[in-house]
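Asks: The end of the sequence shown is residue 659 by our numbering, with every number in the run present.
I'd like to ask some things about the structure below.
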Amino acid sequence: MQEGSSFITLITAGPALLIAVVLHEIAHGYVAERFGDPTARLAGRLTLNPIKHIDLFMTIIVPAVLIVSGSPIIFGGAKPVPVDPRNFDNPKRAMGWVAVAGPVTNFVLALIAYILLRVVELFDISALSGVTLTGGFILFLIYSIIINVILAVFNLIPVPPLDGGRIAVALLPLKAARPLARLEPFGLLIVVALLFSGVLQQLLGPVLNFVMENLIGIS
């Protein structure tokens, strides 16, 4: 990817990704608190301040490598909010709802970005705000749609500690849930292996194609 193109991607996709991962984690903490666990709030994580949520590897290094390498798929993550299941009346059920909150938030953000994109196109606000400004905003909205859908689907992969794995643990009978839950300490290594082997890109590629063709209108 050319340097100029990488810079444009960085300044439009970067904020979109940061908003997506920060709100994803805040959603986890908020739902956990609703079920009786104030750990995230006490740790200062129910805040929109991005500095509180940044993880060096997932928030900075992974997205930067993907952008610079010209990958069509851009995603990342934030520092997981702390959750203490001991504060829940029904930990298995509550952890399932806490996990669901993240992907649902990303789907909602994608929907909001999609609606805003259509409004911008419908009213052609470039005549009012300037072509350059509008072009940058449109790119931001496009990346917001792509990144949030990719993040939601990625997090639904049924491997703990991804949300999909925790949802599966919550839904499965205890006998089947226990072996899956034991994978959690190794989940990040599994995800990194999938990422750098190219398997993750192959899994998410069809999702990206669907978004580009059906939501954004680029084939």
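Glycine included, every Cβ here is placed at the ideal spot set by N, Cα and C.
(1) Which of the three DSSP states is assigned to residue 518 in this structure?
(2) Answer yes if the region 444-457 comes into contact with the region 571-588, meaning at least three C-beta pairs across the two stretches below 8 Å, and no otherwise.
(3) When you compare the CB positions of residue 539 and residue 464, do they come within less than 8 Å of one another, or not?
(4) If residue 522 and residue 467 are in contact, beta carbons under 8 Å, what's the gap, nearest whole angstrom?
(5) In angstroms, rounded to a whole number, what distance separates the CA positions of residue 482 and residue 492?
(6) Just to confirm my understanding: we take residue 595, look at its own chain, exclude 5 residues before and 5 after, and list those with CB closer than 8 Å. What are they?
(7) Ignoring anything shorter than 4 residues or poking outside the region 487-513, list the alpha helix (DSSP H) runs there in chain order.
(8) Less than 8 Å between the CB atoms is what I'm expecting for residue 580 and residue 452, so what's the real figure, rounded?
(9) Within its chain, find whatever has a CB closer than 6 Å to the CB of residue 498; leave out the 5 residues flanking it on each side and keep chain order.
Replies: Taking the definition as stated:
(1) The three-state reading of DSSP puts residue 518 in coil, since its state is none of H, G, I, E or B.
(2) By the Cβ rule, the region 571-588 counts as touching the region 444-457, because three or more pairs are nearer than 8 Å.
(3) No, Cβ-Cβ distance for residue 539 and residue 464 is not below 8 Å.
(4) Going by Cβ atoms, the distance from residue 522 to residue 467 rounds to 14 Å, so no, they are not a contact pair.
(5) The alpha-carbon atoms of residue 482 and residue 492 are separated by roughly 13 Å.
(6) Within the same chain, residue 595 has close Cβ partners 464, 542, 543, 546, 602, 603 and 604.
(7) DSSP runs (the alpha helix (DSSP H)) wholly in the region 487-513: 502-508.
(8) With a beta-carbon spacing of about 5 Å, residue 580 and residue 452 fall inside the 8 Å limit used to define contacts.
(9) Taken in chain order, the residues that qualify are 516 and 517.
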